[in-house]
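Here my numbering is used: the first residue of the sequence shown is 24, the next is one more, and so on. Backbone N, C-alpha and C fix where the C-beta goes; we use that ideal spot for every residue, glycine too. This structure is a prediction, so every number in the text was calculated from the model and none was measured.
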Amino acid sequence: MFVHLHCHSAYSFLDGASPVGELVARAADLGMPALALTDHDNVAGAVEFDRAARSAGIRPIQGAEVTVLLEPEPDPRPDAEERARGSGSRERGRRDRQDRNGGRGGEKDGERVAHLVLLATGPAGYARLCRLLTRAHLEQPRGRPALPLRALLEEVAPGGEPLPDHGLIA
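Next comes the structure, spelled out in structure tokens:
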């Protein structure tokens, strides 16, 4: 049986349009036993989703599509910094790519980003997800949440050892 594990609602600003109730109703029409709500960098629709899904007899799976800030990779070539300064066309291409993407899926303000869907497996996982999202919003400029990869790894694998049941599925 098919279950959507990556679904955006109107709470994914500029990326989703469907109200939560419509998503749940459609999932019920299709006979889905569960549905995951994974809005971009927030869980603003979590309560509405939980109530609508439970009243429709669908298991709600809480989650989010988190913007992850990747560590910059150092260029091993000794003259890399000098060549980067003298390369106007490369810089212009980077800006064009960023404008086309709206900063999503590759670069965000010149930094490399990735999008990772995190699903909570229960209350502990939901609490972890909320902590990660709070950190993403507090540590970045307003309206541009992103979670450093290192912060994500610290939360799901403290000390470098993955927890047996950390409550999140990536």
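query                                                                                          : result
CB contact flag (Y158, A174, <7 Å)                                                             : Note on residue identity: the sequence assigns Arg, not Tyr, to residue 158. Their beta carbons are under 7 Å apart, which means R158 touches A174 by this criterion.
Contacting residues, own chain, Cβ-Cβ under 8 Å from A40 (five flanking each side not counted) : A33
Reference G44, options G68, V26, E88, closest by Cα                                            : G68
Proximity below 7 Å, CB of E88 to CB of H138                                                   : yes
Residues that I84 bridges to, as DSSP identifies them                                          : A59
Presumed contact (8 Å Cβ cut-off) between T61 and V140, rounded CB distance                    : 5 Å
Cutoff 7 Å; reference Q163; Cβ partners in own chain excluding five residues on either side    : A169
Local Cβ density within 10 Å of R151, reported as buried at 16 or more and exposed below that  : buried
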